[in-house]
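Colleague: Pasting in a structure now, in C-alpha cells, and then I'll have a few things to ask.
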Amino acid sequence: MCSFRVFIIMKIAVVGGTGDLGEGLIKRLCLNHQVVVGSRIKEKAQSIASELSAKVKEETGIEPNVSGEANPEAVKGSDVAILAVPSEYALQTVLSLSGEFPAGCVLVSPVVPMVKTEDGFLYSPPDGHHSMAEAIAEQVNVPVVAAFHTLPAKKLADLKLQPEFDVPLVGDSEEAVRRVSSLIESIPRLRPLYVGSLRTAQLVESLTPLILNVSAKNRLRNLSLKFV
Numbered sequence: 001m002c003s004f005r006v007f008i009i010m011k012i013a014v015v016g017g018t019g020d021l022g023e024g025l026i027k028r029l030c031l032n033h034q035v036v037v038g039s040r041i042k043e044k045a046q047s048i049a050s051e052l053s054a055k056v057k058e059e060t061g062i063e064p065n066v067s068g069e070a071n072p073e074a075v076k077g078s079d080v081a082i083l084a085v086p087s088e089y090a091l092q093t094v095l096s097l098s099g100e101f102p103a104g105c106v107l108v109s110p111v112v113p114m115v116k117t118e119d120g121f122l123y124s125p126p127d128g129h130h131s132m133a134e135a136i137a138e139q140v141n142v143p144v145v146a147a148f149h150t151l152p153a154k155k156l157a158d159l160k161l162q163p164e165f166d167v168p169l170v171g172d173s174e175e176a177v178r179r180v181s182s183l184i185e186s187i188p189r190l191r192p193l194y195v196g197s198l199r200t201a202q203l204v205e206s207l208t209p210l211i212l213n214v215s216a217k218n219r220l221r222n223l224s225l226k227f228v
C-alpha cells in the first residue's frame, strides 16, 4: 500500500540561514516550500540562497524556490520564521525584528543556550529565564514554538541521506504547534513529537548538550534522537 504525506505549502523565513543548521533546514524545506534566507546583509543572504539552490538542483534535479533578503524583508509574509542563529545573538536578533513578524506567523526557536566547560557542554539558559524559548517569547507578539534542537546539521544538509529522527517540540498555541508539526512532517522520515507547553522548553533545549556530550565521550558522530 502506498502512503502519502499531506502538508500545506508554506512560506518559510530562515533567519540566520547562513549557518550550519540553517543550511540543512533550507535544503530540506525548499523541496516542498518557498524558503527565504535571511541575513543582516541582503547580499550575503542572496549569495547563500543562490549557492544552496545550485546544490539542491545538482543533488536532486529539482529547481527549488529559494531567495535571499535582509532579515526584516525575509520575515514579511512568512507563515513560519525559523531563528537559526547562535544563542549569543538570538535575543538581539529577535528584538531587532520584534515589529516585523506578520500577524499569523509562527516563530520557531531551535536555539540552545549552552556553554562548553572542561566537563563538557552544560545547559545555560538566559538570566532570569528557564529557557531561551521563553525569553524569546517575551519579545514578540507571535506564537513561539521550540523545535529542531536535536537534528545534526551535517546529516540534515546531505540530501543523499534520509535520516529517520524524532523532533521534540513545545509551544503554547495549538494552531502554532500543528503548523510546525506539519512543517516537520514535510521532511521525509522526520516525526514531530509534542512535549508540552513553552514552560517545558528547557527539557527539549537541554537535550542538545546531552547529545553532544554522549557524542564526544563515546567517539560517536552526528547523533540525534529516535524514541522507540
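In this text, residue positions in the sequence shown follow UniProt numbering: the first is 1, and each later residue adds one.
For each residue, glycine too, the CB sits at the ideal point set by N, CA and C.
All figures in this text were calculated on a predicted structure; none of them were measured in a lab.
#1: Going by beta carbon distance, what residues of the same chain come within less than 8 Å of K57, once the five residues before and after it are set aside?
#2: Which one of L29, M10, I12 has the shortest CA to CA distance from L156?
#3: Name the DSSP beta bridge partners of Q34, please?
#4: For the candidate residues A216, I211, T200, R219, whose alpha-carbon lies nearest to that of L225?
#5: With V94 as the anchor, note down where its alpha helix (DSSP H) starts and where it stops.
#6: May I ask you to report which of helix, strand or coil DSSP gives E69?
#7: Considering only DSSP beta bridges, list what F121 is partnered with.
#8: Looking only at C-alpha atoms, which of G104, K217, V14 sits nearest to V177?
#9: M10 and V80 look like a contact to me (Cβ under 8 Å); what is the Cβ gap, rounded to whole Å?
Modeller: In this structure, then:
#1: E63, P64
#2: L29
#3: K11
#4: I211
#5: 87-97
#6: strand
#7: K116
#8: G104
#9: 6 Å
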